[in-house]
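Just so you know, the sequence shown maps onto residues 88 to 707 in the numbering used here.
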Amino acid sequence: MKLTFLGADREVTGSCTQLEAAGHRILIDCGMEQGRDVYENTGLPYAPGTYEALLLTHAHIDHSGRIPYLYKNGYRGPIYTTEATCDLCGIMLEDSAHIQEQEAEWKNRKAMRSGAEMIEPDYTVEDAQNVMKQFVPCPYEAWQTLFDGPAGRMEMRFTDVGHLLGSASISLRITEAGRAPEIIVFSGDIGNQHQPLIRDPANPGHADYLVMESTYGDRSHGPKPDYLGELSGILQSTFDKGGNVVIPSFAVGRTQELLYFIRQIKAEGCIKGHGNFPVFVDSPLASKSTTIFRENFAECYDEEALALVQSGENPLQFPGLYISETKEQSVAINGDETPKVIISAAGMCDAGRIRHHLKYNLWRPECTVLFVGYQSPGTLGNALVNGAQEVKLFGEPVQVRARIAQLGGLSGHADKDGLEEWLRAFDEKPKFVFVNHGEDAVAAHWAEKLRAEGYETPPTTARSGSRPRGGSPAPRSATPGRSSRRNPPRPCAPARPTTDFTIWASACWRSSATIRAVPTRTLQNLRARSRRCAISGTDDRHAAEKMEKPARRPAHGAHPAGRAGAGGTADDCAPQCKRLPYRRVGHRLADADLRPYAPDGAGPACARRLSGRVYRGLER
88 MKLTFLGADR
98 EVTGSCTQLE
108 AAGHRILIDC
118 GMEQGRDVYE
128 NTGLPYAPGT
138 YEALLLTHAH
148 IDHSGRIPYL
158 YKNGYRGPIY
168 TTEATCDLCG
178 IMLEDSAHIQ
188 EQEAEWKNRK
198 AMRSGAEMIE
208 PDYTVEDAQN
218 VMKQFVPCPY
228 EAWQTLFDGP
238 AGRMEMRFTD
248 VGHLLGSASI
258 SLRITEAGRA
268 PEIIVFSGDI
278 GNQHQPLIRD
288 PANPGHADYL
298 VMESTYGDRS
308 HGPKPDYLGE
318 LSGILQSTFD
328 KGGNVVIPSF
338 AVGRTQELLY
348 FIRQIKAEGC
358 IKGHGNFPVF
368 VDSPLASKST
378 TIFRENFAEC
388 YDEEALALVQ
398 SGENPLQFPG
408 LYISETKEQS
418 VAINGDETPK
428 VIISAAGMCD
438 AGRIRHHLKY
448 NLWRPECTVL
458 FVGYQSPGTL
468 GNALVNGAQE
478 VKLFGEPVQV
488 RARIAQLGGL
498 SGHADKDGLE
508 EWLRAFDEKP
518 KFVFVNHGED
528 AVAAHWAEKL
538 RAEGYETPPT
548 TARSGSRPRG
558 GSPAPRSATP
568 GRSSRRNPPR
578 PCAPARPTTD
588 FTIWASACWR
598 SSATIRAVPT
608 RTLQNLRARS
618 RRCAISGTDD
628 RHAAEKMEKP
638 ARRPAHGAHP
648 AGRAGAGGTA
658 DDCAPQCKRL
668 PYRRVGHRLA
678 DADLRPYAPD
688 GAGPACARRL
698 SGRVYRGLER
């Protein structure tokens, strides 16, 4: 049995795991990487057409967004997931494809003017529509045979994990020739407790081996907030000032939760003096997903929401609710001066109609921008939450004068307490826990906590890997129970599990601590050694060692005589350039900073080519 982590390793997006067992090769999730690209996702080790099945935990794009790309490149196998996830993917993947087509069209218009190379989207709307033929809906809590042959047997089961409508953890019971059956569980994204509409997360019951997410493994959401009270207070104060409440929200899941709360606020008359205030949902995707939420109530709703449905009340409908489908309807929203609620995608403000609403409302001090979900580093939403005074929208600077607020505790992910509660619900401790789907420091913190409680997990410090032929970083191999560090294992190390797993890191030492000091641009340079001005050393191992500790920056001085003169050119820059100083996230290097680190014989052109790069290494 072999696992290969191809994404969401020391990051929270791009989930994709390859499993080889019982003579078969499958994928669990195939997500798109989103937000800041700190670590570089690797491609599939094998051709898409060689995979025999894909199992999908839920419909979020960071778990499903690359599935049409698989289809485009030859995958024709089944895609097993829950019925609600099938329905949601039918609209979400098509929407993702539409966005990619639009972005490619915009970039190609610029390329035509500049003479640059034309690009094509990763996949098209047609690809997204065609891949839906491969989806196979599966019920919750029923074992189904996936494969059964001479090499062994593989069975699967989906368990409601309470993260999104249709979300699930996946249990695989694997019986290989000559071995007893063993169960490996992929947690998927574990949901927060006491969310509106959907059920609380359930535990699969037993796992010999566990692949577990760690999104909020280092923090607590705190006591359950008074969602209605907080939201009512924000609406009341903003409407009293004559402003709008603009809510960047994910079209699937979070938007429906907000509608559930606003329906209750209106039903209880919590807002005084503003009567039947209008609520605009400006997202065709949100409209379609809301319909799917209404249709899947029997299998996915919690007791409270189900009771409303059974009493004849729609938990997602109320007077004053308007759905904007067309562009014209969207534009008209900002022409109306009535105080209102505007709910629009995307939740991190990195695309979609929400950017237009921010352009019209962000500079108005009477308005409020209310964030209701996680804001990934590198996104516009993250910048606003962290106090940005000015942002750029459509190439124009916009002053941030509106109130920036957050609705605390409204998260689709379990916090550290929720993760721990879900983990302890297993009938016995898993033999080995693989921690993924968490930012670098968070995943390491959660893994360390598990080790302190007696769980066996991979070590967080490991040696670097090597680069294979073709320029792609080689995955790193390690075995549970064995230290992958250069140093000897700790005394009294746990015994090696009976199943011979091999862990492959997804990209260039991704499982190691070393990688934390290596920025994305550096990885790209390591993959293209022939590129001028590379900052690696003589080999990958040497480069990794140099990056392992922050380099002390030498005093700036004039470039040695003759080296910065007219005799040096950019072509004089060899791949053996001296390493650059270690910098903090987002620090932009100036020409003066770079000249002392240029190679011997290099002219000012070398420094100019190196300048302007933004290095994204993380603080240790």
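C-beta atoms are modelled at their ideal positions from N, C-alpha and C, and glycine is treated no differently. Since the model is a prediction, treat every value here as computed from it, not as a measurement.
Asked: Cut-off 7 Å between Cβ atoms - residues of its own chain near residue 186, not counting five sequence neighbours on either side; Found: 438
Asked: Local conformation of residue 38 per DSSP, three classes; Found: Outside the displayed range of the chain (88 to 707) lies residue 38, so it cannot be described from this structure.
Asked: Given residue 99 as reference, the closest of 464, 230, 519 and 506 once Cα atoms are compared; Found: 464
Asked: Distance, residue 531 Cα to residue 146 Cα; Found: 27 Å
Asked: Test item: CB-CB of residue 42 and residue 261 under 8 Å; Found: The displayed coordinates of the chain run from 88 to 707. Any statement about residue 42 would go beyond what the structure contains.
Asked: Option in 488, 453, 493 and 452 with minimal Cα separation from residue 469; Found: 493
Asked: Residue span of the alpha helix (DSSP H) that contains residue 348, given as start and end; Found: 341-354
Asked: At least 3 beta-carbon pairs within less than 8 Å: the segment 354-362 vs the segment 446-459; Found: no
Asked: Buried versus exposed call for residue 279 [16 or more other C-beta atoms within 10 Å across all chains shown]; Found: buried
Asked: Selection from 495, 498 and 542 that minimises the alpha carbon distance to residue 507; Found: 542
Asked: Contacts around residue 57, its chain only, beta-carbon distance under 7 Å, and the 5 residues preceding and following it disregarded; Found: As shown, the chain starts at 88 and ends at 707. That puts residue 57 outside it, with no answer to give.
Asked: Beta-carbon spacing of residue 527, residue 303 below 8 Å; Found: no
Asked: Contact under 8 Å by Cβ, residue 509 with residue 290; Found: yes
Asked: Cα-Cα separation between residue 121 and residue 150, rounded to whole angstroms; Found: 11 Å
Asked: Inter-residue CB distance, residue 408 and residue 380 (contact presumed, cutoff 8 Å); Found: At roughly 14 Å, the Cβ-Cβ gap does not stay under 8 Å, so residue 408 and residue 380 are not in contact.
Asked: For residue 225, the first and last residue of its enclosing beta strand (DSSP E); Found: 222-225
Asked: The alpha helix (DSSP H) enclosing residue 187, as first and last residue numbers; Found: 170-201
Asked: Best match in 429, 292, 173 and 399 for proximity to residue 342 [C-alpha to C-alpha]; Found: 429
Asked: Counted within 10 angstroms of its Cβ, other Cβ atoms place residue 350 as buried (16 or more) or exposed; Found: buried
Asked: Closest Cα partner of residue 169 within the set 253, 153, 218 and 340; Found: 253
Asked: Host alpha helix (DSSP H) of residue 371 (start-end); Found: 371-382
Asked: Buried versus exposed call for residue 481 [16 or more other C-beta atoms within 10 Å across all chains shown]; Found: exposed
Asked: Cut-off 6 Å between Cβ atoms - residues of its own chain near residue 417, not counting five sequence neighbours on either side; Found: 369, 411 and 440
Asked: Beta-ladder partner(s) of residue 417, from DSSP; Found: Paired residues: none, contrary to the question.
Asked: For residue 395 and residue 635, the rounded distance between their alpha carbons; Found: Low per-residue confidence applies at residue 635: pLDDT is 37, beneath 50, and the placement is therefore not dependable, though the value from the model is reported in the following sentence. Near 57 Å, if we compare the C-alpha coordinates of residue 395 and residue 635.
Asked: Environment of residue 311 [buried if 16+ CB atoms lie within 10 Å]; Found: exposed
Asked: Reference residue 113, options 213, 174 and 243, closest by Cα; Found: 243
Asked: Within 8 Å, strictly: CB atoms of residue 321 and residue 457; Found: yes
Asked: Closest residue to residue 523 among 367, 116, 377 and 363 (Cα-Cα distance); Found: 116
Asked: Residue 255 and residue 110 closer than 8 Å at C-beta; Found: no
Asked: 8 Å Cβ shell around residue 384 - same chain, five flanking residues per side excluded; Found: 392, 393 and 396
Asked: Rounded C-alpha distance that separates residue 423 from residue 282; Found: 33 Å
Asked: Continuous alpha helix (DSSP H) stretch holding residue 442: start and end; Found: 441-448
Asked: Environment of residue 133 [buried if 16+ CB atoms lie within 10 Å]; Found: exposed
Asked: Test item: CB-CB of residue 177 and residue 219 under 8 Å; Found: yes
Asked: Distance between residue 485 and residue 89 (C-alpha atoms, nearest Å); Found: 51 Å
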